[in-house]
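Throughout the sequence shown, residue numbering follows the working numbering, covering 173 to 342 in sequence.
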Amino acid sequence: MKGRYQIFLTAVLLSCFLPAHAVTIVVSGLPNDQLRIRVGSTGSGINVVTFNVPVGQIGNGVPITGTPQILVRVTARSAVANSKTATLTANSLTPMMSAGGDTIPFTTINWTTSDGDIPAGAFDGSNTQTLLTFQNSRSIENTHTFHYSNVNVVPTGTYTGRVTYTLSMP
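Right under this line is the structure:
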């Protein structure tokens with residue numbers, strides 16, 4: 173019976189539109205420009221963060237920490253004479269949804285970070301949330317721990333959704 177009365181929130185974190193492994197993209201036609209983004213572990217598959225909310229704690233306002241932690245690594249390179257600004261964004265517009273059609277917005281998910289290069293924050297529910305801007309020729313790597321705010325009483329079930337990270341450098 174216990175499993176029947178638990179809420180399982182699942183946020184799927186995805187780099188670009190491919191499984192969570194390293195992606196290299198050459199941009200702007202200059203041979204030395206390069207972007208790399210990795211969200212999650214190497215290899216195939218999409219990393220899943222799971223939040224288990226026991227029935228007696230649903231909506232009590234005590235945050236629930238998700239597992240596992242997720243590695244976020246971004247690199248932007250450009251010729252020294254052609255300095256550019258890279259931007260890391262997140263798309264959390266589409267809420268998590270259960271099989272019954274109930275939803276939980278990603279605005280209920282926040283994160284802490286291992287060293288703050290990518291600042292701690294919360295998803296804003298938009299499709300273009302800026303997480304970080306930085307000058308090119310830099311690599312940044314943080315481990316994020318995600319937390320569900322647990323402030324609303326929602327119907328029991330498994331809620332799934334996807335946050336898409338994008339790294340760009342015009």
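Each residue gets a CB set at the ideal place from its N, CA and C atoms; glycine is no exception.
What do you reckon, are the CB atoms on residue 248 and residue 310 nearer than 8 Å?
-> yes
Quick one: what's residue 312 bridged to in DSSP?
-> 246
Extent of the continuous beta strand (DSSP E) run through residue 333 | 329 to 340
Spatial neighbours of residue 240 in its chain, beta-carbon cut-off 8 Å, leaving aside the 5 residues before and after = 219 and 221
Residue 269: which of 340, 284 and 331 sits nearest, CA to CA?
-> 331
Would you say residue 319 faces chain B, with C-beta separation under 8 Å as the test?
-> As a matter of chain content, chain B is missing from the structure shown, which is built from one protein chain.
Between which two residues does the beta strand (DSSP E) carrying residue 284 extend?
-> 281 to 285
Tell me whether the beta-carbon of residue 322 lies closer than 8 Å to the beta-carbon of residue 206.
-> no
Limits of the unbroken beta strand (DSSP E) element including residue 302 | 301 to 307
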